[in-house]
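Numbering (the working numbering), first residue to last: 5 to 234.
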C-alpha cells in the first residue's frame, strides 16, 4: 500500500500531458476537421471533442478497466484479449498507430521507472509482436501494479483524449486558451457519470460508431494538410 499523497503524485505524473509518450504528436484527426470546415470555433471544437471522448469511453476505457482487473488477478490471457479488443474497435490505421506507439513508449518508460514482472512480460510481447500493445492497456497494467485505482485509470484515459485534442486545437483552430480550458472544465464535469455508466460493461458493450470521425480519419491518412502524425 502507498500513502494518499504519493498515490496522488503518481496519478498527476501519469496523467500529465507532458508525460513523454508522444501525445503531442497526435490530434485525433482534428486538423482534417479544421481543413474541411467542420471544426472552426469553440462550439464546434467542443462537439468534436465530446464525440471523440465518447468513442474513447465506450472502447478504450471499457477494455482498460477489464485489463486493470485482469492485472490484479494476474490473468494475462485476459489482458491480451483486452488489448486486441481495442485494436478491433479502431477502423483507421492512424488510430491504431497512435495507440500502439504510445503504448510501447508507456511500457518502456514504466520499465525504466520501476521493475514490474508483468510489465516486463508485456513489453517483451510487444517487441515480439505477440500483442498490439495499446496505450490504455499499458496504463491499466502500470496503474494496477503501482497502487493507483481504476477510477484514476478512467480519469486519465478520459482526460487524455480531451487534452490531446484541445492542445492540438490551439495550433490549428481559432480558439483561445480561455476557451479550451472552459471546454475541458465542462467535459470533465460528467466524468463520474461516465465511469458509473461503463464500469461494469463487457467487451460486447464496446462501440465506436461515429461515421464522420472515421471519414475524417480516412481523409487525413491520404491528405497533405497535416500538422500531426494522425
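Cβ coordinates follow ideal geometry from the N, Cα and C atoms, glycine included.
Short check: CB of residue i to CB of residue j, under 9 Å?
i	j	result
residue 137	residue 104	yes
residue 239	residue 159	One cannot answer for residue 239 here, as it falls past the ends of the chain, which runs 5 to 234.
residue 55	residue 217	yes
residue 20	residue 139	no
residue 67	residue 90	yes
residue 143	residue 18	yes
residue 165	residue 62	no
With a cut-off of 8 Å on the beta carbons, I'd call residue i and residue j a contact; round off their distance for me.
i	j	result
residue 157	residue 69	7 Å
residue 130	residue 109	That pair is no contact at about 10 Å.
residue 187	residue 60	Not really, about 15 Å apart at Cβ, beyond 8 Å.
residue 147	residue 72	6 Å
residue 83	residue 141	6 Å
Taking the alpha carbon of residue i as the reference point, which residue from the options has its own alpha carbon closest?
i	options	result
residue 183	10, 47, 77, 43	47
residue 124	61, 86, 111	111
residue 196	163, 75, 53	163
residue 57	205, 132, 190	190
residue 43	192, 179, 188, 185	179
residue 121	6, 96, 149	149
residue 168	50, 9, 13, 7	50
residue 208	76, 101, 155, 93	93
residue 113	192, 76, 145	145
Between residue i and the rest of its own chain, which residues show a CB-CB distance below 6 Å, the 5 nearest in sequence each way excluded?
i	result
residue 33	220, 221, 224
residue 127	111, 115
residue 25	106, 109, 110
Determine, for residue i, whether the minimum Cβ-Cβ distance to residues of chain B falls below 9 Å.
i	result
residue 60	Reference to chain B is not applicable here, since this structure consists of a single protein chain.
Can you list, in chain order, the residues of its chain with a C-beta nearer than 7 Å to that of residue i? Leave out the 5 residues immediately preceding and following it.
i	result
residue 11	151, 152
residue 200	none
residue 100	91, 94
Going by other Cβ atoms of all chains shown within 10 Å of its Cβ, with 16 needed for buried, is residue i buried or exposed?
i	result
residue 118	exposed
residue 213	exposed
residue 1	With the chain covering 5 to 234 only, the question about residue 1 has no answer from this structure.
residue 198	buried
residue 3	Beyond the ends of the chain as shown, which are 5 and 234, falls residue 3; an answer cannot be given.
residue 194	exposed
residue 206	exposed
Got a sec? Which residues, its chain only, sit under 8 Å from residue i by beta carbon, not counting five neighbours each side?
i	result
residue 45	177, 178, 179
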